[in-house]
Every structure is written in C-alpha cells, then in structure tokens.
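For reference, the structure is listed below as structure tokens.
Residue numbers (our numbering): 13 to 115.
Encoded structure:
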C-alpha cells in the first residue's frame, strides 16, 4: 500500500496495491490529473464531483477524464482508501473483484 497526505490536512489517502499498479499503467498526462484529484480529496474534497456508487454502501467515485477513482472513507482514521483507479469502461468489471474486500 502507498500512503500520502498533506501537512495542511488531517486526511490522508491510502492506495491499495491494485490501485498503485494501475497508476503505473496510466499515461503520464492522465496520471498527473489523477494525482491532482487525489490531492483535492485530501485538502478540499467538497469541491469534487463525488458520487456514491449504487449497490455499494461504502464506495464512492470521482471522475477524472476517462478514468475513475473508486474509494471508501474510513471515518475513524480520516483516511480515504483508494481501491481502484481505472478506465471508465472497466470500473464495474474491476469492482466485482473487490466486493468481498471493501464491503
């Protein structure tokens, strides 16, 4: 897992190994956009267009161009656990693999 945060925020983001590996496969220009969204998630998540995923009680998604960031909020630790970062066409296929882990 990869953990990062901001000295100006009480929140931090944890990337699962799957999300971290997915980031490495994304083109650099798109990866930079995703990192900006993750930074906003830590510092000012109210400005993001966050949607709760249907059929998943604790999962949310952020759009970032053609990519989706799927995460769960761990309230007690003020942590955002990023489970998936993948192309919008593949996000629901990938979610089926994570149902047991994140529910």
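Just so it is clear, CB atoms sit at the ideal spot from N, CA and C, and this is done for glycine as well.
Distance CB(residue i)-CB(residue j) smaller than 8 Å
| i | j | result |
| --- | --- | --- |
| residue 62 | residue 97 | no |
| residue 73 | residue 59 | no |
Beta-bridge pairing of residue i - partner residues as DSSP gives them
| i | result |
| --- | --- |
| residue 85 | 92 |
| residue 99 | 79 |
Own chain partners of residue i with C-beta closer than 7 Å, once the 5 adjacent residues on each side are dropped
| i | result |
| --- | --- |
| residue 31 | 94, 95, 96, 97 |
| residue 86 | 93 |
| residue 44 | none |
| residue 75 | 61 |
Cβ neighbours of residue i in the same chain (closer than 6 Å, five flanking residues each side left out)
| i | result |
| --- | --- |
| residue 115 | Any reading at residue 115 needs caution, since the residue's pLDDT is 48, under 50, leaving its predicted position unreliable; the model's value is listed next. Result list for residue 115: empty, nothing under 6 Å. |
Rounded C-alpha distance that separates residue i from residue j
| i | j | result |
| --- | --- | --- |
| residue 77 | residue 38 | 12 Å |
Selected residue, minimal CA-CA separation from residue i, among the options
| i | options | result |
| --- | --- | --- |
| residue 108 | 79, 53, 71, 50 | 71 |
| residue 101 | 80, 33, 91 | 80 |
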